[in-house]
Amino acid sequence: MTSVASTSYLSRLRPLRPPRVCVAVTATDPAELIEKAESLARDNSFLEFRLDYLSKPALVIPKIKQFAEYHPHIMTIATCRRASSGGKFKGSVAAQLDILLKAADAGCQFVDLELQSASQCKPAQVQKIRERAAVVLSFHDFRATKNLEQTLEKMTAISADFYKIVTTATTLYDNVVMMKFLEKHSDRHSLVGLCMGEQGIISRVLGVRAGSAFTFAAVSEDERTAPGQVTAQELRSTYRIDNVDAATRVYGVAGDPISHSLSPLVMNAALRRETVNGVYLALHAKTLKDLLACIRDIPLHGVSVTMPYKESIVSHLDNSDSQTTKIGACNTVVRAQDGKLYGFNTDGAGVVRPLQQRITLENAKILVIGAGGAARAAVFGLKERGAEVYILNRTPAPAQTLARQAKAKSVKRADLKKYTFDVIINATPVGMGNSKDSPLNENEIKAKYAFDMVYTPFETKFLKLAKLAGAEVIPGAEMFVQQAARQFEIWTGKPAPWDEMLRVVSKALTEESANKAAQNDHRKRSDGDY
Ligand code: NAD
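Residues 153 to 682 (the numbering used here) are what the sequence shown spells out, left to right.
Dropping the structure here:
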């Protein structure tokens, strides 16, 4: 086995080429830290020991030595971030240096030292660490992404092996700022750069291709060491960070809020299945202006547009399909090579396709409940296929207007008893989330099929009642998948693997429903309901 001393010596002779993803490991006691590192060692060749999370960091040093001896191929960073720099270590700079030196002697090939600490040291002290390990000089801005050039200038006055600048994204465009900075300076310095926060996801996935030597990931969602940090599993299998290169096309779903969107899961699964060199990200756009700037400058090749921008983006498009024009809303943007933006609406396909898999739409009698954007998409899409469409809305006027525009019919709820339908579609949000409401009662559901656009929960009250009324049900997940499948086809020109997409979404939604049920159960028990 290679000794620790010889590993460190060899690593000083060749430039360190770390893997793309470094997993930050935290624990409150030394045994747990090493146990976690051991369990990660199989799938991760680059770990960061967050020594500042330990109450007595020095106690873990012998165990790190042992770990390094057993795992000579694993690269490790020792970090003991001081509280004044955003970490948990309460000791002095001298105490911090002492721990970092010992960690380097124990076999950590990298040592993270904050700019604030390094500025208080003599150059010889930093040099002493560099004789044992590569120094990652770090700077964190927990509020904004600004002054990157000035920060780098200050940092490069201190000799180090890597310069790590971590900022906070308050807009999506902050990621562009970070990536342009990386592109400009990474040929002169070994840089690590990323933006924290929910809006920083772009830089976490794409920073490596812009020139960041590596990026950071969490062990699990509960063990994030920085806001917005993504798990190593997500970075590798959902976003396929190891394959991201200059040719990788970037897609995303943009809206506000966006954190619960299932689109990244399903679209990345489709891109992976069809071996498309692309990555799809959740983009929390707080303004349309921010989103449009990112489409232009990242650039984004395709965007799924969701609330609240479906209508307002239309006037920014260079051209759009007939569905978008009729509906007055766009859910799919394509950015052409020349930078022009084309808009599509795939919600109609989301309704039509699941029905076409079951019935002939020509002359089918279909009731659409609701008169909002999704109802409009359904009505126009179904009319185009020759269906006889009826519209029911809580307030009759919008239903009448839509019926006139689409050459459909509007009905009043009181008259429903006169009709039976082939399909009833719920295009309202009624029944969403924890609500136990249904847009119709059981005795009003007289149809062969009941189709709910609502997809959380997987099985809504409307679908439960429809089953009792003897109808076959079509869950909202099918619409979700088919509108996404159509987007995939527009962007890639390939048929979408919709069955795989449906499997992924159904699994995620049923797991989510089961988790919610378990949480409710737990709450009831602790409230003494049992
Ligand atoms: P919207 O706000 O444009 O329209 C909502 C419609 O529902 C309006 O006609 C409104 O009058 C009606 N409505 C709202 N609350 C109601 C209530 N309590 N009782 C009766 N009617 C009510 O919304 P939208 O974009 O048309 O979306 C409608 C639903 O479809 C949402 O739940 C949305 O999540 C869902 N949707 C699902 C998919 C999918 O892929 N499965 C795609 C698009 C929309």
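Backbone N, C-alpha and C define an ideal beta-carbon position, used for all residues, glycine too.
task = Give the straight-line distance between the Cα atoms of T572 and K600, rounded to the nearest whole angstrom.
result = 9 Å
query = So, are the CB atoms of V318 and L346 less than 9 Å apart?
reply = Yes; because the gap between Cβ atoms is below 9 Å, this pair is in contact.
request  = Put M468 into one of helix, strand or coil per three-state DSSP.
outcome  = Looking at the sequence shown, residue 468 is not Met but His. H468: helix per DSSP, three-state reduction.
message = For the structure I just gave you, are there three or more beta carbon pairs, one from the stretch 224-244 and one from the stretch 189-201, closer than 8 Å?
response = yes
message = Can you find the residues in the same chain that come closer than 6 Å, C-beta to C-beta, to M584, ignoring five residues on each side of it along the sequence?
response = V606
query = Helix or strand or just coil, what does DSSP make of G585?
reply = coil
task = Could you tell me if R546 is buried or exposed, where buried requires 16 or more neighbouring beta carbons within 10 angstroms of its beta carbon?
result = exposed
request  = Provide the residue span of the beta strand (DSSP E) that contains T367, from first to last.
outcome  = 367-370
ask   = CB K554 to CB L519, shorter than 9 Å?
value = First, the residue type needs correcting, since residue 554 is Leu and not Lys in the sequence shown. No, they are not a contact pair.
query = When burial is assigned at 16 or more other CB atoms within 10 Å of the CB, is F294 buried or exposed?
reply = exposed
query = So which of I479, V504, P550, S389 has the shortest CA-CA distance to I576?
reply = V504
key: C-beta contact flag for F366 and P224 at 9 Å   = no
ask   = Relative to the alpha-carbon of F333, which residue among E350, Y315, L443 has its alpha-carbon at the smallest distance?
value = Nearest C-alpha to F333: Y315.
query = Just to confirm, are A539 and K559 a CB contact at a threshold of 9 Å?
reply = No, Cβ-Cβ distance for A539 and K559 is not below 9 Å.
message = Based on DSSP bridge pairs, tell me the residues matched to T477.
response = Its beta-bridge partners do not exist; DSSP assigns none.
Alpha carbon of R172 to alpha carbon of R638, nearest angstrom = In this structure, the straight-line span from the alpha carbon of R172 to that of R638 is close to 33 Å.
inquiry  = Please classify A602 as buried or exposed, where buried requires at least 16 other C-beta atoms within 10 Å of its C-beta.
reply    = buried
ask   = Within 8 Å: the Cβ of D499 and any heavy atom of the ligand NAD?
value = yes
Cβ shell of L414 (< 8 Å), same chain only, five flanking positions each side left out = F632, V657, A660, L661
query = Does the pairing of the stretch 603-622 with the stretch 636-650 give three or more beta-carbon distances under 8 Å?
reply = no
message = Suppose you measure from the CA of D499 to the CA of S364; what does that come to, to the nearest Å?
response = Each residue's Cα considered, the two are about 38 Å apart.
request  = Kindly indicate the opening and closing residues of the alpha helix (DSSP H) around F532.
outcome  = 525-536
query = Per DSSP, which one or two residues make a beta bridge with Y325?
reply = Partner(s): none; Y325 has no beta bridge.
Bridge partners - T319, DSSP secondary structure assignment = C347
request  = Kindly identify the DSSP beta-bridge partner or partners of V287.
outcome  = V263
ask   = How is the alpha helix (DSSP H) around A558 delimited, first residue to last?
value = For A558, the enclosing alpha helix (DSSP H) has its first and last residue at 548-558.
key: A566 versus I626 - alpha carbon distance   = 25 Å
ask   = Of the residues S562, P214, V360, which one's Cα is nearest the Cα of R388?
value = V360
query = Taking the C-alpha atoms as reference points, what is the distance between D408 and H436?
reply = 6 Å
ask   = By a C-beta neighbour count over all protein chains shown, 10 Å radius and 16 as the cutoff for buried, is D490 buried or exposed?
value = D490 comes out exposed.
query = Can H433 and V396 be called in contact, C-beta distance under 9 Å?
reply = In the sequence as displayed, the identity of residue 433 is Leu instead of His. No, the pair does not count as a contact, with Cβ atoms beyond the cut-off.
task = Assign N593 to buried or exposed, taking buried as 16 or more other Cβ atoms, counted over all protein chains shown, within 10 Å of its Cβ.
result = exposed
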